[in-house]
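Peer 1: Protein chains in written order, with the working numbering: chain A, 1445 to 1838; chain B, 1445 to 1838.
Got a structure for you, written out below as structure tokens; questions coming shortly.
Following this line, the structure appears as structure tokens:
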């Protein structure tokens, strides 16, 4: 510590249009919730807000599951916590992997002592149910896991068939819906998903920091019959449950402001209605796709399984990824994301999520992107992107 | 889901005076930070805010430690993450236990596969360094752990001697400062603490949701030489480090709003200055103690090791804990906490922390408590509590 006093100004972040794969912009009602008076984690008024949150989560997950709660961490805690509560050391797990987030599942489950078998698919494609069937038949796993919206590739994994196969072989079906819940259809009960987790900051439209999760009766049964405690005390659902249900047994000091914002974001989801919300997301994504293609850009993901909430774009030959993204951010305040892993510098990932999924944002992004591309010598027909998007938006 | 649409009103929490052992009330500047425009977790402007946060944490921890960062969870994640990163399955750990939070350390470390040895002390007393010396000599642990401010009992554990003993025997010294950092002196480098974690929502004065931590070079060395990965991917400090340092490798979607509020809370700590802050906390706690004693109430903790940030009070015979606390909450908006474990219904725990540590709150609490006690037939000399507190406050 030097003895002279450094000056720290109050933070003053610039306004951003958030179009990376999360977080997204906040609805004004969600922002207001962030400055509602703070309460303690054992306040009866907070308990009511928590009960509302659980009710509204059941609506978003389309489930009647009793055990529905919130892990006190980001989507990554959702993944860790979901595996940790149903997996014990030595258990076998089959994961379908076609991107970074499913790859992370392999790391997460392996650390927990699971024997993980991987079914790979090239980036940009969905995992093949037949390949999953073979692996499940061969390995007879306790858990079968996939990622619904793989944001590293922009692929939406079809869920129904793999779940059926998992259950035919007596396995639990664990699905990551971090990038889809609240923006893309996730009918948990209809699909018979056993463990389904998400993140607060994507299509649900709350700030990052919480990970909702819901467990089927089948999953609860597995958890009740564990031989060992979960390896991490912090994400033990049997303890979290006693805080989130009527017992109200203190576990951790809940992130109260985050719960406020999630509850309000879920209220907005409920008031808009899931169907209307899915339509809004789809319409914006379709406009974006039309615009990008009209500008001569190539999309990355297999069109048959293109993810609504994240569109992946190939950075054209000769165009500098970093300069384009810095230009968008610094000149227009628009954030989009670059590629992950081997696709660093070679891919853009554009989020159409939550409150950010608005026609005005799509048009502005397309217009600004056109400017940036032209600056780098990539020829774009004048206004082609915006015109094509407008055609879709009508 | 029933088909009729339920109504959900926007949340509208009442104003509270938070005097439980955290969370505490928020400074207006911290509240403003909670509605600053949201940014993405890879935004260069956020990286600057994160750098400030680390600098300011070094100030609060009084350390030059390189590896200083924030676990993306509450104080409980701080405890889990701190043990997880230095402990591997089979490692021996000695924990000094005199309350709920040190007891939790035993659970946390045991789940991680550690061989945990406990040195117990009765609730209300501090762990005896000689008992720790014996256990450390006998068990030759890799880690020696204590809780600085045991909020379940209101005891401040003296830190210097136990740390010395730990180091004489080559062990790492791990200290929980969730209830003290920013309100009670925690000179990490001077005390040579190897792993020191805290929570955002107590004396630091931010909302709950983050757990700052700092690791000594000795601890970093142990982490670099691990044979196994941390059991939970989410709290792996080697990955968190690459996001918090200049490499900026994406790990999780950081809880951006929470980081804003922590950075602002730390700025307030810095501007007030640690010494002034300790004095303010001490002065408020002394006034509270004087007032409670003048009202004829008995304090729980050994006076020699009474914690400044949390005062534990014995509920007098014949007084209904629940009625008193409900009255304070519902009639005056004041939250204090009850006892934990065996002391449920038998103890009050009053926090004097962060922005809540203000003379006006002490006087109001004493006045309101006097009313509640009298209502239950407990005789209090008129205005005795407030008068005694005013004597201290001067």
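Glycine is no exception: its CB is placed at the ideal position from the N, C-alpha and C atoms.
For clarity, every value in this text was computed on a predicted model and none was experimentally measured.
Taking a cut of 8 Å between CB atoms, which residues from the segment 1692 to 1715 of chain A lie near chain B?
Peer 2: Those would be 1694, 1695, 1696, 1697, 1698, 1699, 1700, 1701, 1702, 1704, 1705, 1707, 1708, 1711, 1714, 1715, in chain order.
Peer 1: Determine, using beta carbons only, whether residue 1470 of chain B comes closer than 8 Å to chain A.
Peer 2: Taking Cβ atoms only, chain A reaches closer than 8 Å to residue 1470 of chain B, which makes this a yes.
Peer 1: Straight-line CA distance for residue 1561 of chain B to residue 1587 of chain B?
Peer 2: Cα to Cα, the separation comes out at about 10 Å.
Peer 1: Kindly say whether residue 1483 of chain B, judged by its beta-carbon, lies nearer than 8 Å to any beta-carbon of chain A.
Peer 2: It does; some Cβ of chain A falls within 8 Å.
Peer 1: For the segment 1667 to 1681 of chain B, enumerate the residues whose C-beta is nearer than 8 Å to any C-beta of chain A, in chain order.
Peer 2: Correct list: 1673, 1674, 1675, 1676, 1677, 1678, 1679.
Peer 1: In the structure shown, what three-state DSSP assignment does residue 1658 of chain B receive?
Peer 2: Strand at residue 1658 of chain B.
Peer 1: On the premise that residue 1685 of chain A lies in contact with residue 1513 of chain A, defined as a C-beta separation below 8 Å, what is that separation, rounded to the nearest angstrom?
Peer 2: Sure, about 6 Å apart at Cβ, within 8 Å.
Peer 1: Exposed or buried, which one is residue 1785 of chain B when buried takes at least 16 other CB atoms within 10 Å?
Peer 2: So residue 1785 of chain B counts as exposed.
Peer 1: Once the 5 residues before and after residue 1469 of chain A are set aside, which same chain residues still bring their CB inside 6 Å of it?
Peer 2: Cβ neighbours of residue 1469 of chain A beyond the five flanking positions: 1462, 1799, 1800.
Peer 1: Given this structure, state the Cα-to-Cα distance separating residue 1584 of chain B from residue 1613 of chain B, to the nearest angstrom.
Peer 2: Straight-line Cα distance between these residues: approximately 7 Å.
Peer 1: To which residues of the same chain is residue 1672 of chain A closer than 6 Å at the C-beta, ignoring the five residues directly before and after it?
Peer 2: Excluding residues within five positions, the ones whose Cβ falls inside 6 Å are 1532.
Peer 1: At a Cβ threshold of 8 Å, is residue 1518 of chain B touching chain A?
Peer 2: It does: the Cβ of residue 1518 of chain B has a partner Cβ on chain A nearer than 8 Å.
Peer 1: Is DSSP giving residue 1723 of chain A helix, strand or coil here?
Peer 2: Looking at residue 1723 of chain A - three-state DSSP - the assignment turns out to be helix.
Peer 1: Identify the contact partners of residue 1475 of chain B in chain A, using a Cβ-Cβ distance below 7 Å as the criterion.
Peer 2: Neighbours of residue 1475 of chain B on chain A, chain order: 1479.
Peer 1: Within 8 Å of any Cβ in chain A, is that where the Cβ of residue 1645 of chain B sits?
Peer 2: By this cut-off, residue 1645 of chain B is an interface position.
Peer 1: Answer with yes or no whether the minimum CB distance from residue 1552 of chain B to chain A is below 8 Å.
Peer 2: So yes, residue 1552 of chain B belongs to the interface.
Peer 1: Could you spell out where the beta strand (DSSP E) holding residue 1642 of chain B opens and where it closes?
Peer 2: It is not in any beta strand (DSSP E) - residue 1642 of chain B carries neither H nor E in the DSSP assignment.
Peer 1: Express the C-alpha separation of residue 1482 of chain A and residue 1502 of chain B in angstroms, rounding to a whole number.
Peer 2: So the two alpha carbons sit approximately 27 Å from each other.
Peer 1: Do residue 1593 of chain A and residue 1754 of chain A have their C-beta atoms within less than 8 Å of each other?
Peer 2: Contact: yes.
Peer 1: Counting only beta-carbon separations shorter than 8 Å, does residue 1536 of chain B have a partner in chain A?
Peer 2: Residue 1536 of chain B does not count as touching chain A.
Peer 1: Does the distance from the C-beta atom of residue 1442 of chain B to that of residue 1534 of chain B stay below 8 Å?
Peer 2: Because chain B spans 1445 through 1838 in this model, residue 1442 of chain B falls outside it and cannot be assessed.
Peer 1: From the DSSP secondary-structure annotation, give me the bridge partner or partners of residue 1807 of chain A.
Peer 2: Bridge partners of residue 1807 of chain A: none, in fact.
Peer 1: Quick check on residue 1487 of chain B - is its C-beta less than 8 Å from some C-beta in chain A?
Peer 2: Cβ-Cβ to chain A under 8 Å: yes for residue 1487 of chain B.
Peer 1: Interface residues of chain B around residue 1493 of chain A at Cβ under 7 Å?
Peer 2: Simply 1455.
Peer 1: Out of A/1629, A/1679, A/1651, A/1777, state which residue places its alpha-carbon closest to the alpha-carbon of residue 1719 of chain A.
Peer 2: Taking only the C-alpha atoms, the option nearest residue 1719 of chain A is A/1629.
Peer 1: Counting contacts by CB-CB distance shorter than 8 Å, is residue 1458 of chain B in contact with chain A?
Peer 2: With 8 Å as the cut-off, residue 1458 of chain B counts as an interface residue toward chain A.
Peer 1: Contact criterion: CB-CB distance below 8 Å. Does residue 1736 of chain B meet it with respect to chain A?
Peer 2: Closer than 8 Å: no.
Peer 1: Starting from residue 1756 of chain B, trace the beta strand (DSSP E) in both directions and tell me its first and last residue.
Peer 2: Element bounds for residue 1756 of chain B: 1754 to 1758.
Peer 1: Three Cβ pairs or more, each shorter than 8 Å: is that satisfied between the segment 1491 to 1508 of chain A and the segment 1698 to 1712 of chain A?
Peer 2: In short, these stretches touch, since the Cβ pair count reaches three.
Peer 1: Establish whether the CB of residue 1452 of chain B and some CB of chain A are separated by less than 8 Å.
Peer 2: It does: the Cβ of residue 1452 of chain B has a partner Cβ on chain A nearer than 8 Å.
Peer 1: Which runs of the alpha helix (DSSP H), 4 residues or longer, sit entirely within the segment 1521 to 1570 of chain A?
Peer 2: If we require 4 residues or more, the alpha helix (DSSP H) runs fully inside the segment 1521 to 1570 of chain A come out as 1544 to 1555.
Peer 1: Taking Cβ to Cβ, would you say residue 1409 of chain A is nearer than 8 Å to residue 1590 of chain A?
Peer 2: With chain A covering only 1445 through 1838, there is no way to say anything about residue 1409 of chain A.
Peer 1: Just checking: is the beta-carbon of residue 1653 of chain B within a distance shorter than 8 Å of some beta-carbon in chain A?
Peer 2: Taking Cβ atoms only, chain A reaches closer than 8 Å to residue 1653 of chain B, which makes this a yes.
Peer 1: When we look at the beta-carbon of residue 1472 of chain A and count the other beta-carbons within 10 Å, is it buried (16 or more) or exposed?
Peer 2: Per the 10 Å Cβ criterion, exposed.
Peer 1: Would residue 1725 of chain B and residue 1757 of chain B be called neighbours here (beta carbons separated by less than 8 Å)?
Peer 2: Contact flag unset, no.
Peer 1: At the level of alpha carbons, what is the spacing between residue 1488 of chain A and residue 1775 of chain B?
Peer 2: Going from the Cα of residue 1488 of chain A to the Cα of residue 1775 of chain B covers about 14 Å.
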